[in-house]
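J.: Residue numbers for the sequence shown follow my numbering, beginning at 118 and rising by one.
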Amino acid sequence: MGKSIRILKKLISLFIIFTLSINVCAATVSDNDGSAFITKAEFDSLKNSFQSQIDQYNTSIDAKIDEAISNYLTGLIITTKYDLHSNINDLKDNLRIFSRCNNASALTTGTTFRFNGAMWLVAAYSRLSGTQKDLKQGMIRASIKASNPDNTRLTWRTKDNGETDYKVMLEEKTYGGVKYYYPYYGYRLKIEHWMGVVSAVVARNIANVEPVNTKTSLEWTSDVTEPKTELDSSSEWTDFYSGDKPIIVKSHTSNEYDAKMNHPPFKYLIGYATPTLLDSNTYGVIYSNRDSYDDDTTYYSATWDDGDVTTFKYAPDAAATVVSDNLSTTLKYRVQKVYTVKYKDFINEDLSDRMNEPITRCDGLPICKTSDKGKVTIKLDLESVDCSPSGTATDLSDVTYIVEIKGSKWGTVSPTSTKQPDSLYYKNNVTEGELEIKINKDNNTETTYWLKIVPSKHQSGTKVTFKEASIEIER
Numbered sequence: 118m119g120k121s122i123r124i125l126k127k128l129i130s131l132f133i134i135f136t137l138s139i140n141v142c143a144a145t146v147s148d149n150d151g152s153a154f155i156t157k158a159e160f161d162s163l164k165n166s167f168q169s170q171i172d173q174y175n176t177s178i179d180a181k182i183d184e185a186i187s188n189y190l191t192g193l194i195i196t197t198k199y200d201l202h203s204n205i206n207d208l209k210d211n212l213r214i215f216s217r218c219n220n221a222s223a224l225t226t227g228t229t230f231r232f233n234g235a236m237w238l239v240a241a242y243s244r245l246s247g248t249q250k251d252l253k254q255g256m257i258r259a260s261i262k263a264s265n266p267d268n269t270r271l272t273w274r275t276k277d278n279g280e281t282d283y284k285v286m287l288e289e290k291t292y293g294g295v296k297y298y299y300p301y302y303g304y305r306l307k308i309e310h311w312m313g314v315v316s317a318v319v320a321r322n323i324a325n326v327e328p329v330n331t332k333t334s335l336e337w338t339s340d341v342t343e344p345k346t347e348l349d350s351s352s353e354w355t356d357f358y359s360g361d362k363p364i365i366v367k368s369h370t371s372n373e374y375d376a377k378m379n380h381p382p383f384k385y386l387i388g389y390a391t392p393t394l395l396d397s398n399t400y401g402v403i404y405s406n407r408d409s410y411d412d413d414t415t416y417y418s419a420t421w422d423d424g425d426v427t428t429f430k431y432a433p434d435a436a437a438t439v440v441s442d443n444l445s446t447t448l449k450y451r452v453q454k455v456y457t458v459k460y461k462d463f464i465n466e467d468l469s470d471r472m473n474e475p476i477t478r479c480d481g482l483p484i485c486k487t488s489d490k491g492k493v494t495i496k497l498d499l500e501s502v503d504c505s506p507s508g509t510a511t512d513l514s515d516v517t518y519i520v521e522i523k524g525s526k527w528g529t530v531s532p533t534s535t536k537q538p539d540s541l542y543y544k545n546n547v548t549e550g551e552l553e554i555k556i557n558k559d560n561n562t563e564t565t566y567w568l569k570i571v572p573s574k575h576q577s578g579t580k581v582t583f584k585e586a587s588i589e590i591e592r
C-alpha cells in the first residue's frame with residue numbers, strides 16, 4: 118500500500134514538471150499570449166522610456182545641485198566699502214569756487230606802460246643853491262613844464278595810455294619743461310615808470326657867461342635793469358655851455374598803482390565763460406620780477422616836443438628869459454617783460470602742484486579716483502557765493518546749479534541744459550547744501566571724477582567742500 122502511494126506521488130510530480138515546461142516554452146515563442154507577455158519591440162520602447170526618465174531625473178538633480186551651490190556661494194560674497202581720498206579741501210577757497218561769467222569780452226590790458234618823467238638841467242658854471250642861485254648866475258635850464266624858471270625842483274610829466282596801461286600780475290610754474298601762468302591777484306594794476314634826468318656844472322666862480330644854445334633835441338637812455346640811480350658823463354649837452362662836461366644823474370624806478378576791482382576769470386575757476394572771453398589775450402608781468410626790467414634789449418620811450426618843454430636862459434643879474442627854440446626830449450629805458458596769456462590757459466596753481474601737472478582753471482576739479490569696479494558715492498557741500506567785482510552785487514537767493522561729472526578733464530567745455538554724452542553724473546536743478554552723487558562703475562579702469570558746476574546767475578559762484586567719498590566692492 119505504501120509503495121503504491123509513493124509511486125503515485127512520483128507520477129504527480131512528473132506531471133507538474135512536464136506541465137510547467139510546456140508553459141515556459143510557450144512564453145518564449147508566442148507573439149502575444151495575453152497582457153502578461155510583451156514583444157521585443159515593446160520591451161525596447163519601455164527601456165528607452167525608462168532611460169529618458171532617468172536622464173530627466175539626473176538633469177533635475179544637477180539643476181538642484183547647481184542652485185544649491187549658487188545659493189551657498191551667494192551667501193559667501195562679501196561687500197566691502199572703501200573710502201576714497203580727495204585733496205579738494207586743501208585748495209585755497211577761490212580755487213574751489215566755480216564762477217559764471219557772461220561777459221563776452223576780456224578786460225582791457227596792454228603792452229604799454231604809464232610813464233612819469235622829468236628833466237632839469239643847468240650849465241655854464243652855475244651853482245644850484247644859495248646866493249648864486251638867487252643872483253641868477255648865467256645858466257640854461259630846460260624844464261618839461263613851462264613858466265617855472267626859478268624852481269630848481271624836478272617837474273614831472275605823465276604819459277597815460279588809459280586802459281592799455283593795465284597789466285595782470287602773473288606768477289609762473291614749469292611742468293615738463295613748459296612754462297605756465299596764473300594771476301597773482303584777481304585784479305589788474307597799472308605799472309608806472311618814473312625816470313628823471315638832472316645835470317649841472319659846478320661853478321668855479323661866479324661868471325658873467327652867456328650860454329650857447331644850439332641843440333634843440335636831446336635823448337637819454339637808461340640801461341639799468343632794476344630801479345636805481347646812475348651817473349652818466351656823456352657829452353649829450355655839450356652845445357649848451359662852454360666848459361666842463363655836466364654831471365648827469367639819471368634815476369629810474371617803477372611801481373604798481375590804481376588797482377581795478379576783481380575780475381572773476383582772474384580769481385576763480387571758470388564754470389562758464391563765453392568762448393570769446395576764454396580765447397582773449399591778457400597781458401601781464403611776473404609779479405616776483407616786477408622790479409626787474411628784463412625785456413632783453415627792448416626799450417620804452419617817451420618824447421615831449423609839443424611846446425611844453427621849454428628852455429630858459431639865465432643871464433647875469435637879470436631875470437630869466439625864454440629861448441624861442443623848444444627843446445624836444447626823449448627818455449628811453451628798459452621795462453618789465455610783458456607776457457601774453459589767454460584766459461583758458463590760466464592754471465589752478467594749487468591743484469597743479471598737488472598733481473604735478475598743469476591743470477587749467479577750465480579743467481574742473483578732480484574730486485577723487487579709483488581703479489576698482491563697484492558703486493561710488495560722493496558727498497559734497499555746495500555754497501552760493503558772490504563773485505562780482507564789488508562782492509555785493511549779486512542776489513544769491515534763487516541761484517541754482519548745473520552739476521556734472523566726467524571721467525576726464527573738461528577743458529573749455531561747460532555744462533549746459535543738456536547732459537554731455539560722456540557724463541557719469543548730471544543734475545541741472547541743484548541748490549546749495551549737501552549733494553549726494555552715486556555712480557555705478559562697471560570696469561576696473563582707473564577713473565578720476567572731474568567735477569564742473571555752472572551757477573545760474575552772472576557773476577555768482579559755487580563753493581565746493583568735499584564731505585566724503587567711498588566705493589562698495591563685491592569680492
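We treat Cβ as the ideally placed atom computed from N, Cα and C, and that holds for glycine.
Cα separation between F463 and P300?
T.: For the purposes of this step, residue 463 is taken as residue 346 along the sequence shown, with counting starting at 1. For the purposes of this step, residue 300 is taken as residue 183 along the sequence shown, with counting starting at 1. Each residue's alpha carbon lies about 7 Å from the other.
J.: I'd like the span of the alpha helix (DSSP H) that includes F383, first residue to last.
T.: Taking the sequence shown and counting its residues from 1, the one referred to as residue 383 is at position 266. Start and end: P381 to K384.
J.: Cutting at 8 Å between CB atoms, please list the residues of its own chain near H380, excluding the five before and the five after it.
T.: Counted from its first residue, the sequence shown places residue 380 at position 263. Same-chain partners within the cutoff: L224, G303, Y304, R305 and P506.
J.: In whole angstroms, what separates the C-alpha of K574 from that of N465?
T.: Against the sequence shown, residue 574 aligns to sequence position 457. Against the sequence shown, residue 465 aligns to sequence position 348. The straight-line gap from Cα to Cα measures roughly 23 Å.
J.: Measuring alpha carbon to alpha carbon, tell me which residue in R274, N204 and L386 is nearest C218.
T.: Start at 1 with the first residue of the sequence shown, and residue 218 comes out as number 101. Looking at the Cα atoms, L386 is the closest of the given residues.
J.: Under a Cβ-count criterion, where at least 16 other Cβ atoms within 10 Å of its own Cβ denotes burial, should F160 be classed as buried or exposed?
T.: Start at 1 with the first residue of the sequence shown, and residue 160 comes out as number 43. It is exposed - the Cβ of F160 has fewer than 16 other Cβ atoms within 10 Å.
J.: With DSSP collapsed to three states, give me the class of I214.
T.: Counting from 1 along the sequence shown, the entry for residue 214 is found at position 97. The answer is strand: DSSP assigns I214 an E or B state.
J.: Could you round the C-beta distance between T489 and I554 to whole angstroms and report it? I think they count as a contact, below 8 Å.
T.: Counted from its first residue, the sequence shown places residue 489 at position 372. Counted from its first residue, the sequence shown places residue 554 at position 437. Here residue 489 is Asp; the residue named in the question, Thr, does not match the sequence. Contact doesn't hold; Cβ gap of about 17 Å is too wide.
J.: For a quick check, are the C-beta atoms of V314 and I364 less than 8 Å apart?
T.: The sequence position of residue 314 within the sequence shown is 197, counting from 1. The sequence position of residue 364 within the sequence shown is 247, counting from 1. Taking 8 Å as the Cβ cut-off, V314 and I364 do not qualify as a contacting pair.
J.: Counting C-beta neighbours from all protein chains within 10 Å, is the total for Q170 16 or more, i.e. buried, or is it exposed?
T.: Position 53 of the sequence shown, counted from the first residue, corresponds to residue 170. By the 10 Å Cβ count, Q170 comes out exposed.
J.: Output yes or no for whether 8 Å exceeds the beta carbon distance between E500 and E549.
T.: For this step, residue 500 is matched to residue 383 along the sequence shown. For this step, residue 549 is matched to residue 432 along the sequence shown. Their beta carbons are under 8 Å apart, which means E500 touches E549 by this criterion.
J.: For H369, list the residues DSSP reports as bridge partners.
T.: Against the sequence shown, residue 369 aligns to sequence position 252. H369 pairs with M312 and K345.
J.: Expressed to the nearest angstrom, what Euclidean distance is found between the alpha-carbon atoms of S608 and K377?
T.: Outside the shown range of the chain (118 to 592) lies residue 608, about which nothing can therefore be said.
J.: What are the complete beta strand (DSSP E) segments, minimum 3 residues, inside the stretch 514-575?
T.: DSSP runs (the beta strand (DSSP E)) wholly in the stretch 514-575: 518-523, 540-547, 550-558 and 564-572.
J.: What does the Cβ neighbour count give for R592, buried or exposed, with the cut at 16 atoms within 10 Å?
T.: Walking along the sequence shown from the start, residue 592 turns up at place 475. Counting Cβ neighbours within 10 Å, R592 comes out exposed, since fewer than 16 surround it.
J.: What are the partner residues of N233, as DSSP defines its beta bridges?
T.: Along the sequence shown, read from residue 1 onward, the residue named residue 233 stands at position 116. T275 and W311, per the DSSP bridge assignment.
J.: Alpha carbon to alpha carbon, what distance is there between Y566 and Y450?
T.: Translated into the one-based positions of the sequence shown, residue 450 becomes position 333. Translated into the one-based positions of the sequence shown, residue 566 becomes position 449. Rounded to the nearest angstrom, the two C-alpha atoms are 51 Å apart.
J.: With H, G and I counted as helix, E and B as strand and the rest as coil, what does DSSP make of M286?
T.: Along the sequence shown, read from residue 1 onward, the residue named residue 286 stands at position 169. In the structure shown, M286 sits in a strand (DSSP, three-state: E or B).
J.: Taking the Cβ atom as the reference point for each residue, do D503 and L513 lie within a distance shorter than 8 Å?
T.: Position 386 of the sequence shown holds residue 503. Position 396 of the sequence shown holds residue 513. Their beta carbons are under 8 Å apart, which means D503 touches L513 by this criterion.
J.: Among the residues of its own chain, which have a CB less than 7 Å from the CB of K523, if the five just before and after it don't count?
T.: What you label residue 523 is simply residue 406 of the sequence shown in a count that begins at 1. If we look at K523 and ignore the five residues flanking it on each side, its Cβ neighbours are Q537, D539, S540, L541 and W567.
J.: Rounding to the nearest angstrom, what Cα-Cα distance links K486 and N204 in this structure?
T.: Stepping through the sequence shown from its first residue, residue 486 is reached at position 369. Stepping through the sequence shown from its first residue, residue 204 is reached at position 87. Computed Cα separation, rounded: 11 Å.
J.: Check this for me: beta carbons of T420 and V285, under 8 Å apart or not?
T.: Within the sequence shown, residue 420 is the residue found at index 303, counting from 1. Within the sequence shown, residue 285 is the residue found at index 168, counting from 1. Contact: no.
J.: Look up N398 in the DSSP assignment and give the residues it is bridged to.
T.: To locate residue 398, count along the sequence shown from 1; it is residue 281. K459.
J.: Taking just the CA atoms, how far does N557 sit from G401?
T.: For the purposes of this step, residue 401 is taken as the residue at position 284 of the sequence shown. For the purposes of this step, residue 557 is taken as the residue at position 440 of the sequence shown. Going by the C-alpha atoms only, they are around 45 Å apart.
J.: Below 8 Å on the Cβ atoms is my contact criterion, and I expect Y298 with S397 to pass it. Report the Cβ-Cβ distance as a whole number of Å.
T.: As a first step, residue 298 must be located in the sequence shown, where it is residue number 181. As a first step, residue 397 must be located in the sequence shown, where it is residue number 280. With 8 Å as the limit, Y298 and S397 do not qualify as a contact, their Cβ atoms being about 15 Å apart.
J.: Which word fits F167, buried or exposed, when buried means at least 16 other C-beta atoms lie within 10 angstroms of its C-beta?
T.: As a working note, residue 167 is residue 50 in the sequence shown. By the 10 Å Cβ count, F167 comes out exposed.
J.: Residues in its own chain within less than 7 Å of R198 by CB, not counting five upstream and five downstream?
T.: Here residue 198 is taken as the residue at index 81 of the sequence shown, counted from 1. In the sequence under discussion, the amino acid at residue 198 is Lys, which differs from the Arg named in the question. Counting only Cβ-Cβ distances below 7 Å, and skipping sequence neighbours, we find S587 and E589.
J.: When DSSP labels each residue in this structure, what does I194 get in the three-state scheme?
T.: Taking the first residue of the sequence shown as position 1, residue 194 is located at position 77. Coil, per DSSP.
J.: Hey, would you say F230 sits closer than 8 Å to I308, going by beta carbons?
T.: On the sequence shown, position 113 is the one that residue 230 refers to. On the sequence shown, position 191 is the one that residue 308 refers to. Result yes, Cβ atoms of F230 and I308 sit closer than 8 Å.
J.: Decide if P392 is buried, meaning its Cβ has at least 16 other Cβ atoms within 10 Å, or exposed.
T.: Walking along the sequence shown from the start, residue 392 turns up at place 275. It is exposed - the Cβ of P392 has fewer than 16 other Cβ atoms within 10 Å.
J.: Can you give the Cα-Cα distance for D282 and H310, rounded to whole angstroms?
T.: Position 165 of the sequence shown holds residue 282. Position 193 of the sequence shown holds residue 310. Those two C-alpha atoms are separated by around 11 Å.
J.: Roughly how many whole angstroms lie between the Cα atoms of S469 and Y404?
T.: Mapped onto the sequence shown, residue 469 falls at position 352. Mapped onto the sequence shown, residue 404 falls at position 287. Going from the Cα of S469 to the Cα of Y404 covers about 19 Å.
J.: Note down the Cα distance separating V520 from K580, rounded to an integer number of angstroms.
T.: The sequence position of residue 520 within the sequence shown is 403, counting from 1. The sequence position of residue 580 within the sequence shown is 463, counting from 1. Taking the straight line from one Cα to the other gives about 12 Å.
J.: Going by beta-carbon coordinates alone, are G481 and S216 separated by less than 8 Å?
T.: As a working mapping, residue 481 is identified with position 364 in the sequence shown. As a working mapping, residue 216 is identified with position 99 in the sequence shown. No, they are not a contact pair.
J.: Leaving out the 5 sequence neighbours to the left and right, which residues in its chain are closer than 7 Å to T509 when beta-carbon positions are compared?
T.: Taking the first residue of the sequence shown as 1, we reach residue 509 at position 392. Excluding positions up to five away in sequence, the list reads D503.
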